[in-house]
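Working notes, beginning with the structure itself.
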Amino acid sequence: INPEDFNFLRSIEVVVMVILGGMGSILGVIIAAVILTILPELLRGVSEYRMII
Numbered sequence: 827i828n829p830e831d832f833n834f835l836r837s838i839e840v841v842v843m844v845i846l847g848g849m850g851s852i853l854g855v856i857i858a859a860v861i862l863t864i865l866p867e868l869l870r871g872v873s874e875y876r877m878i879i
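Right, dumping it as structure tokens:
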């Protein structure tokens with residue numbers, strides 16, 4: 827782990843996970859983190875349609 831791994835985009839991702847999951851709910855944050863981590867992998871197959879979606 828080095829400082830370059832935590833750039834501005836990674837910071838925004840963490841903030842979005844907290845906002846979507848709820849600041850007072852640890853379980854909600856975990857669920858939001860899982861969804862936001864898995865979603866790009868699930869949508870990788872339809873990358874040629876990303877402008878339509």
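So the sequence shown is residues 827 to 879, counted in our numbering. Idealized CB from N, CA, C, for every residue including glycine. On a predicted model such as this, the values are computed, not experimentally measured, just so you know.
When only Cα atoms are considered, PHE834 and MET843 end up about 14 angstroms apart. PHE834 carries a helical assignment under DSSP once its states are collapsed to helix, strand and coil. In the structure shown, LEU869 falls within a coil segment according to DSSP collapsed to helix, strand and coil. The shortest CA-to-CA distance from ALA859 to any of PRO829, VAL841, ASN828, TYR875 is the one to VAL841.
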